[in-house]
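Okay, structure first, notes after.
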Amino acid sequence: MFNINFAIMIPFIAAVLIPFFHKRFSRVHIGWFVLVVPVFLFIILCRYIPNVAKGSTYLNTMEWIPAYGINFTTYLDGLSLIFGLLITGVGSLVILYSIYYLSSKESLRHFYIYLLLFMGAMLGVVFSDNLMVLYVFWELTSISSFLLIAFWYHRKGSRNGAQKAMLITVTGGIAMLIGFIMMYIMTGTFSVREIIANISLITDHPLFIPTMLLILLGAFTKSAQFPFHIWLPDAMEAPTPVSAYLHSATMVKAGIYVVARFTPVFAGEEAWFWIISVVGIFTMLWGSFNAIRQTDLKALLAYSTVSQLGLIMSLFGIGSVALYFGASSQSVIYTQATFAALFHLINHSTFKGALFMVVGIVDHEVGTRDVRKLGGLMALMPVTFTVALIGSFSMAGLPPFNGFLSKEMFFTAVIKVAELDIFSLETWGILFPIIAWVGSILTFVYCMIFVFKTFFGPYQPQKLEREAHEAPIGMLISPIILGTLVIVIFLFPNVLGDYILRPAMASIYPTLVEIGELGQHISVWHGFNTELKMTIGVVLVGTLLYIFFRYWSGIYRLFPTHWSFNTLFTGTLESTERFSSYITKKYMTGYLRDYLIYIFLFLIITVGGTFIASEAFQFDMTNDANIRAYEWIIMIVMVIAGISILFAKSRLIAILLNSVLGYSVAIFFVVFRAPDLALTQLVVETVSTALFLLCFYFLPEWEKEKTTKKNKLVNLIISISVGLIFILVALSVKSGKLFTSISSFFENAYELAGGRNIVNVILGDFRAFDTMLEVVVLLIGGLGVYTIIKYKTGKGEKKIEDQ
Numbered sequence: 008m009f010n011i012n013f014a015i016m017i018p019f020i021a022a023v024l025i026p027f028f029h030k031r032f033s034r035v036h037i038g039w040f041v042l043v044v045p046v047f048l049f050i051i052l053c054r055y056i057p058n059v060a061k062g063s064t065y066l067n068t069m070e071w072i073p074a075y076g077i078n079f080t081t082y083l084d085g086l087s088l089i090f091g092l093l094i095t096g097v098g099s100l101v102i103l104y105s106i107y108y109l110s111s112k113e114s115l116r117h118f119y120i121y122l123l124l125f126m127g128a129m130l131g132v133v134f135s136d137n138l139m140v141l142y143v144f145w146e147l148t149s150i151s152s153f154l155l156i157a158f159w160y161h162r163k164g165s166r167n168g169a170q171k172a173m174l175i176t177v178t179g180g181i182a183m184l185i186g187f188i189m190m191y192i193m194t195g196t197f198s199v200r201e202i203i204a205n206i207s208l209i210t211d212h213p214l215f216i217p218t219m220l221l222i223l224l225g226a227f228t229k230s231a232q233f234p235f236h237i238w239l240p241d242a243m244e245a246p247t248p249v250s251a252y253l254h255s256a257t258m259v260k261a262g263i264y265v266v267a268r269f270t271p272v273f274a275g276e277e278a279w280f281w282i283i284s285v286v287g288i289f290t291m292l293w294g295s296f297n298a299i300r301q302t303d304l305k306a307l308l309a310y311s312t313v314s315q316l317g318l319i320m321s322l323f324g325i326g327s328v329a330l331y332f333g334a335s336s337q338s339v340i341y342t343q344a345t346f347a348a349l350f351h352l353i354n355h356s357t358f359k360g361a362l363f364m365v366v367g368i369v370d371h372e373v374g375t376r377d378v379r380k381l382g383g384l385m386a387l388m389p390v391t392f393t394v395a396l397i398g399s400f401s402m403a404g405l406p407p408f409n410g411f412l413s414k415e416m417f418f419t420a421v422i423k424v425a426e427l428d429i430f431s432l433e434t435w436g437i438l439f440p441i442i443a444w445v446g447s448i449l450t451f452v453y454c455m456i457f458v459f460k461t462f463f464g465p466y467q468p469q470k471l472e473r474e475a476h477e478a479p480i481g482m483l484i485s486p487i488i489l490g491t492l493v494i495v496i497f498l499f500p501n502v503l504g505d506y507i508l509r510p511a512m513a514s515i516y517p518t519l520v521e522i523g524e525l526g527q528h529i530s531v532w533h534g535f536n537t538e539l540k541m542t543i544g545v546v547l548v549g550t551l552l553y554i555f556f557r558y559w560s561g562i563y564r565l566f567p568t569h570w571s572f573n574t575l576f577t578g579t580l581e582s583t584e585r586f587s588s589y590i591t592k593k594y595m596t597g598y599l600r601d602y603l604i605y606i607f608l609f610l611i612i613t614v615g616g617t618f619i620a621s622e623a624f625q626f627d628m629t630n631d632a633n634i635r636a637y638e639w640i641i642m643i644v645m646v647i648a649g650i651s652i653l654f655a656k657s658r659l660i661a662i663l664l665n666s667v668l669g670y671s672v673a674i675f676f677v678v679f680r681a682p683d684l685a686l687t688q689l690v691v692e693t694v695s696t697a698l699f700l701l702c703f704y705f706l707p708e709w710e711k712e713k714t715t716k717k718n719k720l721v722n723l724i725i726s727i728s729v730g731l732i733f734i735l736v737a738l739s740v741k742s743g744k745l746f747t748s749i750s751s752f753f754e755n756a757y758e759l760a761g762g763r764n765i766v767n768v769i770l771g772d773f774r775a776f777d778t779m780l781e782v783v784v785l786l787i788g789g790l791g792v793y794t795i796i797k798y799k800t801g802k803g804e805k806k807i808e809d810q
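In the numbering used here, the protein residues as written are 8 to 810.
Written out as structure tokens, the structure is:
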């Protein structure tokens, strides 16, 4: 089979090659070349389906930092395969859609580079077995999504949306990183498989619950759970292909993947159940409630995405109850909630991806997404209307669409959890079906708004930017395919269940595989049961609420926009910026003298204070060698040169006196038998002197700075204090050796590293990583200088508009 490690790297390699393809084949839309990548990967992953359905898993390892147990290890099983198929399958359709959606005037090479980076990062997240590698890809999804959301960076909304998404998801990611480190402390491994295999060793550990909370924080921020959902609506400023990909099928599902993957570790714990199920069910209710009040179609879909993600998350919480009962027939009953979560995960990707594309088509063809300006598009855009009808009714949970099947399973799960007598559910469990039913009613209402406000009613051409007409066939192919899948999955759900969902269930519940087949047979008709009655109630009440919306819409005045988490986030960010600006202005005075004072005072207080507090100042000069006469002479010359710089009348004299100090140090190296250091010092000092002379030649005439007596006194005290600190520290270090000198280790440089020059071996071998980073710093500095020199204001510069 194909190596999954290489499969993950293919999008990154393609991203590197895009500029070359774009330049060489400028007449061909670069999207056609990019389309090959997800299609190829989707075909590769489809080849795994039969074997994975039989229980096979695939492990590939590539060493990275083996000394710390960090290797590029990928693990393909039923759970990761679902997400891999969504990432590549929906990714293929999104790229095909974008070819017709994005104008050739856009910066297409940047768009597809960002998109491929994101695709590769998502594949890395779902296939990584090593926690540290998973985290690297996790943060790369945040970075690449930031670039995609801010693609139209000339829009203020795009920049703000990208910033908000980055701040919230990265903050959650850092929390998750801490959780991963705690997991390593408990288990001694970064391997997810090994952690799952040793669950019994960590359940009683004091770090178990904190680890769980931190990992959930990362998952909730990425999957837009309440109250972290506020980034998702603002992210709708991205181009529609980005919304269709990131916010329906991939990025927002990353947090759900983490919850599913760690279910075997934390499920069965009361805290895990309550946090996930309550946050999820409330997110579903809150998202659907806010979707109704939106007038922008993408904003409506954004809040509907929040709601649907909450539904899926709550199902994973309910399904975690299964592990509380252990390996018993009763536990299998509650695994069906997780089965429903995985089923709805796929269903949501199909109908929501199609709906985002529909919105993009409407916006592309008529120039607006405002439902107050739309209407009557059914006759003018019949294909788009058909796809919108299929997607909306599926999201509303109506037959004959796949959303109906998973929504019925959702109702089944909340009814069953209300019947439990554990975790205080005998008291609070009844709230689950009630909230689920109310949330489903609100979902039905916003689905009706999406369809009827856009495609029915009077046509209003005077409010549109362009005359409405059907989109070109190329733009319709992707939503048609997704809409078709919505119906096909409804008609043949068990094909998906047997080959895709059941293997994933075995990954989530490895300890329950032996007690029976996990999952359930999906039936279109279950009889006239409670779930169907709830659905009928949803349709009846939802229809009434839609018809009489103007009579109860006033309830939204109780939730004004300035009383929201979004306002709280914005206010906190602005207050932080103002406070930071205030503090910065206090110490960023623009005077080099002030900056040096801060640095030196910090050095004096921290180093001097630490040495005094720890009584580390110790002096033992009994074994010191005698200072020879020529050493006194060199030292006196350096002191005279140093003091003379303070009284120099010209720059030339100051530079020459400074050189005297440098060359004197080189002489000291010669005296103390360090010819390599002496040679290096001589070269550096010579080059520095020449550069100083060259720079100062172009500076204006030197006007001696007028310094007050107070400033001179402060300068004198700080200078003497810094010099005294260094002298005392040096003497203390020399006199109070706590460890054997490491010099003897480096004396074996030839045997250890094959080099006879100890200094070179230290730089090139023993501390090679540090040297490499120093070179990288110099490279970055050089690139910065080159950029500043190369950049010319007014040429090729795009105006930033505050729209």
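Using N, Cα and C, we set each Cβ at its ideal position, and we do this for glycine too. As the structure is a prediction and not an experimental result, all values here were calculated from the model.
Rounded C-alpha distance that separates residue i from residue j
| i | j | result |
| --- | --- | --- |
| residue 92 | residue 53 | 8 Å |
| residue 299 | residue 554 | 13 Å |
| residue 733 | residue 94 | 58 Å |
| residue 742 | residue 763 | 31 Å |
| residue 467 | residue 383 | 8 Å |
| residue 564 | residue 450 | 20 Å |
| residue 506 | residue 221 | 33 Å |
| residue 682 | residue 182 | 51 Å |
| residue 406 | residue 273 | 36 Å |
| residue 149 | residue 726 | 46 Å |
| residue 547 | residue 540 | 11 Å |
| residue 807 | residue 656 | Residue confidence for residue 807 is low, a pLDDT of 40 falling below 50, so the modelled location carries little weight; the figure read from the coordinates is stated next. Their Cα atoms are separated by approximately 49 Å. |
| residue 147 | residue 786 | 23 Å |
| residue 96 | residue 205 | 34 Å |
| residue 668 | residue 689 | 11 Å |
| residue 74 | residue 140 | 15 Å |
| residue 69 | residue 761 | 28 Å |
| residue 736 | residue 612 | 13 Å |
| residue 635 | residue 750 | 25 Å |
Exposed unless 16 or more other CB atoms sit within 10 angstroms - verdict on residue i
| i | result |
| --- | --- |
| residue 305 | buried |
| residue 702 | exposed |
| residue 343 | buried |
| residue 171 | buried |
| residue 629 | exposed |
Same chain, Cβ closer than 7 Å to residue i, neighbours up to 5 away in sequence not counted
| i | result |
| --- | --- |
| residue 301 | 307, 310 |
| residue 529 | 412, 500, 501, 504 |
| residue 105 | 38, 248 |
| residue 826 | Residue 826 lies beyond the stretch modelled for the chain, which goes from 8 to 810, so this question has no answer here. |
Span of the alpha helix (DSSP H), counted from its first residue to its last, around residue i
| i | result |
| --- | --- |
| residue 722 | 716-742 |
| residue 393 | 389-403 |
| residue 444 | 438-462 |
| residue 70 | Segment 65-72 is the beta strand (DSSP E) holding residue 70; no alpha helix (DSSP H) there. |
| residue 639 | 636-653 |
Neighbourhood of residue i by C-beta distance below 8 Å, restricted to the same chain and skipping five residues each side
| i | result |
| --- | --- |
| residue 235 | 175, 179, 227, 228 |
| residue 88 | 52, 55, 56, 59, 507, 510, 511 |
| residue 803 | Any reading at residue 803 needs caution, since the residue's pLDDT is 43, under 50, leaving its predicted position unreliable; the model's value is listed next. Excluding residues within five positions, none has a Cβ falling inside 8 Å. |
First through last residue of the beta strand (DSSP E) which encompasses residue i
| i | result |
| --- | --- |
| residue 77 | 77-83 |
| residue 292 | It is not in any beta strand (DSSP E) - residue 292 instead sits in the alpha helix (DSSP H) that spans 277-299. |
Cβ separation of residue i and residue j, assumed to be a contact under 8 Å, to the nearest whole Å
| i | j | result |
| --- | --- | --- |
| residue 17 | residue 271 | Not really, about 30 Å apart at Cβ, beyond 8 Å. |
| residue 424 | residue 325 | 5 Å |
| residue 202 | residue 210 | About 12 Å separates the two Cβ atoms, so there is no contact after all. |
| residue 404 | residue 414 | 3 Å |
| residue 652 | residue 664 | 5 Å |
| residue 331 | residue 275 | 5 Å |
| residue 64 | residue 83 | 6 Å |
| residue 390 | residue 472 | About 21 Å separates the two Cβ atoms, so there is no contact after all. |
| residue 446 | residue 552 | 13 Å between Cβ atoms; not a contact. |
| residue 231 | residue 165 | Going by Cβ atoms, the distance from residue 231 to residue 165 rounds to 18 Å, so no, they are not a contact pair. |
Own chain residues within Cβ distance below 6 Å of residue i, not counting five before or after
| i | result |
| --- | --- |
| residue 418 | 538, 541 |
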